[in-house]
Amino acid sequence: MRHRFALLCAAVALAAGSLVAIIQPATAATNTIVSLTFDDGQASHIDTLPMLQSRGMRGTYYINSGWVGDSDYYMTWPQIHQLADAGNEIASHSVHHTVLTRVSQTTAMHEVCDDRANIVAQGFPAPVSFAYPEAEYNSTAEQIVRNCGFTSARGVGGVSEDGCDQCPYAESVPPVDPMALQTPQSPDENTTVAQLQSYVTAAETHGGGWVVLTFHGVCSDRCTDELSFSTAKFTAFLDWLKAREANGTVVQTVGDVMGGVPVTPPPPGPPTTSIACGGTTCSTGWYRSSSVDVALSTFDPDGSAVASTRYTTDGTDPVSSATAVAYTGPFAVSGASTTVQYYSTDVDGHAEPVKSALIQIDAVAPTVALTSPLADSSYRRGTSIPLAATAADAGGSGIARVVFRDGSSTLRTDTSAPYSWSWATSSNARTGPHVLTAVATDVAGNTVTSASVTINITRR
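If you count by mature numbering (1 follows the signal peptide of the UniProt record, and there is no 0), then the sequence shown holds residues -28 to -1, 1 to 432, one letter each, in order.
What follows is the structure in structure tokens.
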């Protein structure tokens, strides 16, 4: 991970027996902020509500809108409203917990922006805080999150490979990079209360700053396997944290901390249109089906509404062609070789460059004939038998291979014409009739078997 966090160094010191030295109360104001954040909208998070309320604390809950109420593992929208009504921050974690660095830019944009829109559609204020799924991000992901309207984004940190000497003890306020907030590692079932305390006291004793803690399951039944943190340890930590207020350590939501940080609006720019074939990425090869359903989806990174998406399938420019069609939904392409050209404009007048995709269809099986050996010919075992075939593909994709077969056994695979081979039979080859065929497969995957030719292999 690009950003690493050194607070776990204190945990290492704890393991070495330095507990007393690390968690001694500070004697002066520490200027330390702690944010309690919770990932994935898990059902156990609703149980944290009374724990925080009774101590006058609020947390930040990162929600995957596509999973809300999906099973008893996740909170429902009414439960999330309970959190919000109590003053907690409802934040975003992508629609389906999709790792942004492993999908196309368009898909990533939809995962981030649509999650924000879905949460707003449920009656919540527009989220301003985002957490990267699986804590994976890069500069492109940061820009997408920023363009979707978020003021901060959080991964999950860890001890750097070089040790702790060069690592900060807390995130700064304001952060150097709001789209890459630095944090300690997420507490799990092996994390102790003392380790959590050490993250805070390490910041307190090194000038203060912002400690962002990330929890997954908070429960006593391993509700999230190894990422579970027990209820008893969580409440013990909250009690300890509440007492730190006297020393200047306070608990705030991520949104509250970022509230005073100026947000740079996304620069104006054109929309981005992507194409899909049959519900997935269009193939650069050949399709065997007689037609392919093509869909276009458009995203505008600066938040403008998309004015129109236009396309052509006859090779003409969709910007100026009289045959250009306004996209309203998926359409079928059935030609052997069709170039779909497309582009979109937004209401601000920005137009993206014309894009194109070549869609190739070959639903026609090839033809093949076994031309040698001749039917009913005889060969002594231990001699060579000339095999030859002709193959052609009217569908357009071309012949990929021809396979010579003796019954169900493959004798030879040939990937280029002329399709021929000298079959050297062994001295103990099976005597009697042999049924030979040639099987041709085109590039699209269509297959055909020739008429069979029966020969005889004799002893002499």
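Ideal Cβ placement from N, Cα and C applies to all residues, glycine included.
Rounded separation between residue i and residue j - CA only
| i | j | result |
| --- | --- | --- |
| residue 230 | residue 6 | 13 Å |
| residue 396 | residue 379 | 16 Å |
| residue 391 | residue 415 | 16 Å |
| residue 450 | residue 27 | This structure cannot settle anything about residue 450, because the visible part of the chain is limited to -28 through 432. |
| residue 25 | residue 150 | 28 Å |
| residue 431 | residue 363 | 33 Å |
| residue 198 | residue 191 | 11 Å |
| residue 297 | residue 319 | 18 Å |
| residue 146 | residue 157 | 21 Å |
| residue 195 | residue 368 | 56 Å |
| residue 22 | residue 29 | 10 Å |
| residue 374 | residue 272 | 49 Å |
| residue 200 | residue 155 | 18 Å |
| residue 215 | residue 169 | 12 Å |
| residue 263 | residue 303 | 10 Å |
Buried/exposed call for residue i, threshold 16 Cβ in 10 Å
| i | result |
| --- | --- |
| residue 61 | buried |
| residue 400 | exposed |
| residue 58 | exposed |
| residue 99 | buried |
| residue 257 | exposed |
| residue 437 | The structure shown does not extend to residue 437, since the chain is modelled only from -28 to 432, so the question has no answer here. |
| residue 377 | buried |
| residue 8 | buried |
| residue 402 | exposed |
| residue 176 | buried |
| residue 75 | exposed |
| residue 366 | exposed |
| residue 408 | buried |
| residue 301 | exposed |
| residue 277 | exposed |
| residue 110 | exposed |
| residue 92 | exposed |
Of the listed residues the options, nearest to residue i (C-alpha basis)
| i | options | result |
| --- | --- | --- |
| residue 307 | 332, 74, 360, 24 | 332 |
| residue 261 | 281, 334, 394 | 334 |
| residue 153 | 166, 129, 161, 174 | 129 |
| residue 417 | 403, 429, 387, 371 | 371 |
| residue 108 | 126, 350, 204, 119 | 126 |
| residue 336 | 419, 271, 91, 172 | 419 |
| residue 3 | 321, 52, 222 | 222 |
| residue 161 | 193, 71, 51 | 193 |
| residue 388 | 360, 179, 68 | 360 |
| residue 255 | 311, 114, 13 | 311 |
| residue 357 | 347, 265, 366 | 347 |
| residue 64 | 87, 248, 293, 277 | 87 |
| residue 188 | 181, 174, 203, 178 | 203 |
Any C-beta of chain B under 9 Å from that of residue i
| i | result |
| --- | --- |
| residue 415 | The chain inventory of the structure shown lacks chain B, comprising one protein chain alone. |
Going along the chain, which unbroken runs of the beta strand (DSSP E) with 3 or more residues stay wholly within the segment 303 to 341? 303 to 305, 309 to 318, 327 to 333
Validate contact between the segment 417 to 425 and the segment 335 to 342 using beta carbons, cut 8 Å, 3 pairs: yes
Should the segment 276 to 287 be called in touch with the segment 205 to 215, which here means at least 3 C-beta pairs below 8 Å? By the Cβ criterion, the segment 276 to 287 is not in contact with the segment 205 to 215, since fewer than three pairs of Cβ atoms, one from each stretch, lie closer than 8 Å.
As an exercise, report each continuous alpha helix (DSSP H) stretch of at least 4 residues that is fully enclosed by the segment 47 to 82, in chain order. 49 to 57, all fully within the segment 47 to 82.
Beta strand (DSSP E) segments (min. 3 residues) lying fully within the segment 201 to 233: 221 to 223
Complete beta strand (DSSP E) runs within the segment 377 to 403 (minimum length 3 residues, chain order): 381 to 386, 391 to 396
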